[in-house]
Amino acid sequence: MSEKPVINCHTHIFTGDSVPPWLAKQFVPWPFYFLLPVTGLVRLCRAWFRGPHRWRHHSWHKKISRALYRCWILLRRNYIISILHTISGIVLTYHVLFFIWDWLGRWMSPEGWLAGKIGALRALLESWKLVVPIGNTWLQLLCLVVLLTMFPSGRNFLFFILRKSWKFLRSLPGEQTLRLLQRYMNLGRFSFHEKQSTILGRLIRQYEKGTQFIVLPMDMDYMGAGKAPVPYLEQLEELGKLKKKPELKDIIHPFVFADPRRMEKEPGYFRYHVVNGRIVLDDCILKTCLEEQAFAGIKIYPALGYFPFDARLLPLYKYAADNEIPVMTHCIKGTIFYRGKKQKAWDEHPVFKQAMGQGEYQPLLLPQKKAIDYTLNFTHPLNYLCLLHPGLLKELVDKDPVLHPVFGYDPATGAMTQNLEHLKICFGHFGGEDQWERFFEHDRENYAARLFTHPERGLEFLTDGDGAPAPGKPEQVWKGVDWYTIICSLMLQYEHVYADISYILHDGEAVFPLLKQTLQHPRLKTRVLYGTDFYVVRNHKSDKNLHALMLTGLSDAEFDLIARINPTDYLR
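Set out below in structure tokens:
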């Protein structure tokens, strides 16, 4: 076994207090998302764990549990009582259905063929004297609670009828909303803990002694979902204190978050000057973290509302590249994204062009309307070509005089002496498991086949098959190529590009075939990093489960490569 430690390259330990309240925005229609504040969830979970969660240890709770079990088993074993229980459930179900029908009917009329059927059923039951008039709202609510807690079949039937009859109810529990609720449950599991140190302890004890962790903070103050109860700078301060602890200083590798909007609005966050073509940090928060507190890298999350090549970030990238400081970026479709309105500047891509015919090119149109869709334009891995390719980077630098001295750019001659080809960057989540599946599905696409036909470079982004410039090529790649192919091609063409398998490894059956194939490539295998995305991935599997899956799904040499050797090179 290698002497190098196992390094989990993608973990989170921020508490629920660092999350803005209105994550349900864009998933749940206004004003219903106000009913799902993260802050309220955190308070409820803490109250639960400090109160009812501990009741099960008391003798009175054990006695009640025994009594309830005897009642339940009596219902199951006694034929007559079981029939009565079933009849009671049916009667209670249609009564509660009528209650809710009346409540919702005051605001909007039901839709579809079921509306008439329910009305006819009600009239029939009333004619048979099988409907008990209950006008008291509290009694109606009590019936609802009893149905939801004691009659699961009736509960499921009720939800089915209501979703079929009211359109707005059909929109609430969609696929993305369910993913959001899973994220809420994750926060609930860990929000009981008010300190990052406690969550870190829960992580460390799932691994063998000596395992190390890259810890990624989150700055969500500018995502348009409200302000978090605990400011990001306090989260950062606590991370700095953890790094100083003797027992943790060699165990955790915290990164510092970089959001261009904070860097602009808080000048004390990032200040610098240029000396002989190098970025020198002045006194600022980033200098404190990276040069004084031994923070190991920089985290960005473009889905929160910016392109990764934002001009405000470029000097920081230059500093990172010149000092071999790794950058971690988010690259997967997820539930954490910008919740505000689409800005005019986001209607077109700032760099890439699309062919309009007869040799005319215009900025690439980005027509997505919903936030969950247009924020993927920020996440798209092809954006990073604008950083790594000197020609595309020059286009960005040319537009902003502030950047000219940073990259040694002379607007008179067009010469640029500095670039970001040596930027060390990791694509967190490797594009997402959906993009891995898309790679397999694209068996008829020439671009996707380039990883096999041209394994030394993969897909060419700016030239045609003969090597001639192709200005319209980025449009084709942007729209038609899976992210796995794009990321792998960037790794082949640029020496310091990595990707981690965090989060996607929870679906081992789907991930392992392509992962093992990737690890057979002589160059790609040196750029893949092990990571789990603790604790975000917990709604699928625990970290110790994921770690065990890796140990059994990969050979010892493969695991050592992605969990020991490659992470050490990434952090070096």
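Numbering (the numbering used here), first residue to last: -4 to 567. All C-beta atoms, glycine included, are put in the ideal place defined by N, C-alpha and C. Just so we're clear, the structure is a prediction, and the values are computed from it rather than from any experiment.
Residue environment, residue i, which counts as buried when at least 16 other CB atoms sit within 10 Å
i: H384; result: buried
i: V140; result: exposed
i: W133; result: exposed
i: P168; result: In this prediction, P168 has a pLDDT of 49, which is less than 50 and means its spatial position is unreliable; nothing more can be read from the coordinates.
i: M215; result: buried
i: D342; result: exposed
i: V523; result: buried
i: H52; result: exposed
i: A558; result: buried
i: E233; result: buried
i: Q515; result: exposed
i: I78; result: exposed
i: T144; result: exposed
i: H449; result: exposed
Pick from the options that is closest to residue i, judged by C-alpha positions
i: P406; options: E343, L415 and D395; result: D395
i: Y217; options: T527, T144 and G300; result: G300
i: P255; options: T370, A306 and E229; result: A306
i: G568; options: D12, T563 and P0; result: There is simply no residue 568 to check, as the chain begins at -4 and stops at 567 in what is shown.
i: K365; options: K124, Y333, G453 and A340; result: Y333
i: A289; options: K236, E259 and K339; result: K236
i: K240; options: V251, S192 and Y267; result: S192
i: K336; options: I320, Y74, Y369 and I76; result: Y369
i: F634; options: H56, T283, G219 and D551; result: Missing from the structure shown is residue 634; the chain here goes from -4 to 567 and no further.
i: T34; options: W43, D12 and S54; result: D12
i: K112; options: W96, F434, P26 and P212; result: W96
i: A410; options: H424, G426 and E390; result: E390
i: T412; options: L382, V401 and Y314; result: V401
i: E504; options: T547, Y379 and C483; result: T547
i: Y267; options: R38, L281 and K244; result: L281
i: E451; options: S148, F9 and L519; result: L519
i: R158; options: R101, D278 and L109; result: L109
i: L70; options: G84, I8 and K58; result: G84
i: K328; options: T88, W67, Y498 and Q338; result: Y498
i: F456; options: E355, E259 and P466; result: P466
i: D495; options: E428, G453 and S550; result: E428
i: L418; options: K57, V492 and R257; result: V492
i: E416; options: T408, Y356, I295 and L387; result: L387
Simplified DSSP assignment, three categories, for residue i
i: V91; result: helix
i: T206; result: coil
i: D551; result: helix
i: Y404; result: strand
i: L360; result: strand
i: A463; result: coil
i: T6; result: strand
i: G427; result: coil
i: P168; result: No answer about P168 holds up, because its pLDDT of 49 lies below 50 and its placement is not dependable.
i: V506; result: helix
i: N414; result: coil
i: K124; result: coil
i: K(-1); result: coil
i: E343; result: strand
i: C326; result: coil
i: G111; result: helix
i: L143; result: helix
i: T563; result: helix
i: H542; result: helix
i: H449; result: coil
CB of residue i within 7 Å of CB of residue j, strictly
i: L209; j: H248; result: For the sequence presented, residue 209 should be read as Ile rather than Leu. Yes.
i: F529; j: T6; result: yes
i: Q430; j: D477; result: yes
i: P303; j: P310; result: no
i: L361; j: H344; result: yes
i: G526; j: G403; result: no
i: E490; j: L359; result: no
i: D538; j: Q207; result: no
i: L377; j: V275; result: no
i: V14; j: A223; result: yes
Beta carbon proximity, residue i to chain B, threshold 7 Å
i: F332; result: The question asks about chain B, but that chain is absent: this structure has only one protein chain.
Quick one: which unbroken alpha helix (DSSP H) runs of 4-plus residues sit fully inside the region 347 to 401? Chain order, please.
366 to 369, 371 to 374, 380 to 383 and 385 to 394
Enumerated in chain order, which unbroken segments of the beta strand (DSSP E) with a length of 3 residues or greater are wholly contained in the region 270 to 324?
273 to 276 and 292 to 295
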